[in-house]
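In this note's numbering, the protein residues as written are 14 to 98. Before any comments, here is the structure.
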């Protein structure tokens, strides 16, 4: 599913994308501002979640090796699909 780029693929696999909530968007905007001002705080668990998310990407995926971060609060809220190591 990580490589799905077209609606037809979601339909074919009977998956329904879920829109981000206003809270999720706000949290990411605030984190982005914190980072741009140099005072975003991350605890070791945040870095672990980032690494677990990045481990889902494989060579050939358009996000593989990217430098961007997934929103801290988003990962904290939705970490369950990442599973345990």
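Don't be surprised by glycine CBs; every beta carbon is placed ideally from N, CA and C. The model shown is predicted, which means the values in this text are computed figures rather than measured ones.
query                                                                                      : result
Cβ-Cβ distance between residue 79 and residue 44 below 8 angstroms                         : no
For residue 30, the three-state DSSP class (helix, strand or coil)                         : coil
Residue nearest to residue 39 in terms of C-alpha spacing, selected from 93, 91, 92 and 87 : 87
Residue 46: first and last residue of the uninterrupted alpha helix (DSSP H) it sits in    : 35–49
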